[in-house]
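See structure below.
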Amino acid sequence: MRAQVFYGPGDLRYEEVAWPKPGPGEIVLKIEAALTCGTDVKVLRRGHPVMIPHVPTVFGHEFAGTVMAAGTGVTTVREGDRVVAANSAPCGECPPCLAGRANLCEHLLFVNGAYGEAIALPRRLVARNVVRLPASVPPHRAAFAEPLACALLGIERARVESGQSVVVFGHGPLGCLLAMLAAGRKARVIIVGKRGWRFERVRSLRIGEYVDAATSRDVVAEIRSLTGGRGADVTVDATGLPEVWEQAVAAAARGGSVVFFGGCAPGTTVRLDTRRMHYEELTLVGAFHHTPELIRRAVEVLESETLNPDALLTHRMELADVPRALELMSRGDALKVLIEP
Ligand SMILES: [Zn+2]
Ligand SMILES: [Zn+2]
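Under numbering that gives the first Met the number 0, the first residue of the sequence shown carries the number 0, and numbering increases by one thereafter.
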C-alpha cells in the first residue's frame, strides 16, 4: 500500500509498504478519512519521543475507516464495520487510570499511521478506544472524534456553564472546537486570534465575538472592557505560548478559571501574580489529551450534530499531498486538511 512514512524530524517519505495484517486481538482498518493536525507539524519539525517512540512509522493520528480484517479473539467489531479510533489507549491499571483519569495514564500506548491506505490497530486500542460509527456520521466528520475529545476535556476541566463568558486564545482548529463547545453550552464566547487568512476564515464561522491580537493595543484590557471590567469567567489558552498563558490568567475574572490547553515548548515557565491567585481565588487547570469515555462522547456529539465541524475542513487532498498539506498548516493557510487515501 502507499503511505507517508516518518523517518525522523523533517524526513517524511511517500513509500510503498506492506499491507498490514491483524494479529490476535488486532484489527486492520481501511482508512477512509485522515485529518491533518497542528501536532503533525510540530512532530515533523522536532520529532516526539512519546507519540512516536520508534521510527520509521506511518505518520498521522486522526482517522476513521472501515474494518478490513479482524484478528482472532476480536469480538467488539467485525469486518465491514465503520469505526473511528483514538490515537492512544490507556492501560486501565495504573493509578491515574484507576482514578478515572485515563488521559494521564502512565503507560499510554500511542498509535500512528493515519496517512496510509490502511492501519493495523493493536489489541489494547481495539479493546478500549475503537468506536463503531452511526450510519449518519461520515468518515471525514468521524475523524474529528480525537481532537473533539481533547476539546471536551478542556471544557469539562473549566466546568463551562450557560451564561458564563469564555475567552479562547488561539484560532486554530482546537481553539475553534473549544469555542464551539462552549457556545453549545450557551456561554458567551470570545475568540482571540491574529489577523490573516485563517482568522478571517474563523471569523466567517461566527462562533462568537472576536478580538484581533495583532491590532489590539492591549488584549487583556480589551477583554476586560468587553466583560464590564470583570474579566472572563473562563479563559482557555489554545496557543501553547507562555506569554499567552500569562494573558489568559490576566484576563480571568475574580473566581475565574484558566485552562492551559495548549502545550508550550519544553523548559518554558510563566509568572503568576500571587495576590490575584489568593485573594481572587483563581483556578488554574491543565488539560491534556482525552479518555475513552470522552472519545465516545465526541462521537455522540458528532452524531447529534449539536456541533458540526465540517467548516473547519478548509482543504481536501490525496495521500501524496500530505507534505503540501502540512506546509499549508504551518503557514497558517489551512485549518484542517482532509486526506482521502
Ligand atoms: Zn491531533
Ligand atoms: Zn494507565
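Yeah, the Cβ is synthetic: ideal placement off N, Cα and C, and Gly gets one too.
Treat the numbers as computed from the prediction; the structure is a model and nothing was measured.
Residue i beta carbon near ligand 2 (any heavy atom closer than 7 Å)
i	result
residue 230	no
residue 106	yes
residue 90	yes
residue 291	no
residue 95	yes
Start and end residues, alpha helix (DSSP H) containing residue i
i	result
residue 326	321-329
residue 161	Per DSSP, residue 161 belongs to no alpha helix (DSSP H) and is neither H nor E.
residue 337	Counting along the chain, residue 337 falls outside any alpha helix (DSSP H), though it belongs to the beta strand (DSSP E) covering 335-338.
residue 245	241-249
residue 214	First-last for residue 214: undefined, no H or E at that position.
residue 301	291-303
residue 66	Counting along the chain, residue 66 falls outside any alpha helix (DSSP H), though it belongs to the beta strand (DSSP E) covering 62-69.
residue 37	37-45
Distance between residue j and residue i (C-alpha atoms, nearest Å)
i	j	result
residue 60	residue 278	43 Å
residue 122	residue 269	40 Å
residue 159	residue 184	7 Å
residue 24	residue 86	17 Å
residue 36	residue 335	7 Å
residue 306	residue 337	18 Å
residue 195	residue 175	15 Å
residue 187	residue 314	29 Å
residue 145	residue 14	26 Å
residue 27	residue 33	15 Å
residue 320	residue 150	27 Å
residue 41	residue 156	25 Å
residue 291	residue 216	42 Å
residue 250	residue 71	54 Å
residue 113	residue 289	18 Å
Closest by C-alpha distance to residue i, when choosing among the options
i	options	result
residue 255	142, 310, 221, 166	166
residue 107	316, 128, 324, 66	128
residue 124	76, 275, 176	76
residue 56	179, 3, 271, 248	3
residue 39	154, 28, 135, 58	58
residue 136	332, 73, 65, 126	65
residue 261	239, 247, 246	239
residue 162	152, 181, 169	181
residue 267	289, 243, 257, 89	243
residue 206	130, 50, 170, 214	170
residue 69	115, 139, 120	120
residue 11	330, 33, 46, 146	46
residue 211	17, 192, 236	192
residue 294	78, 82, 34, 201	82
residue 148	327, 297, 93	297
residue 410	229, 332, 265	The requested residue 410 does not occur in the structure, where the chain is confined to residues 0 to 340.
residue 43	328, 62, 302, 72	328
residue 213	303, 29, 168	168
residue 221	235, 232, 189, 50	189
residue 67	97, 30, 103	30
residue 102	287, 331, 301	287
residue 51	89, 105, 111	111
One or two residues paired with residue i in a DSSP bridge
i	result
residue 114	Note: residue 114 sits in no beta bridge, so no partner.
residue 120	26
residue 168	191, 236
residue 108	88
residue 7	10
residue 131	82
residue 57	4
residue 203	DSSP, once it has assigned bridges, lists no residue as partnering residue 203.
residue 231	251
Boundaries of the beta strand (DSSP E) in which residue i is found, first to last residue
i	result
residue 31	26-34
residue 315	312-316
residue 284	282-285
Short CB-CB distance (under 8 Å) between residue i and chain C
i	result
residue 69	Judged by its chain identifiers, the structure shown contains no chain C, having just a single protein chain.
**Asked** Which residues are close to ligand 3, meaning CB closer than 6 Å to any heavy atom, in chain order?
**Response** As far as ligands go, the structure on display features ligand 1 and ligand 2 and does not contain ligand 3.
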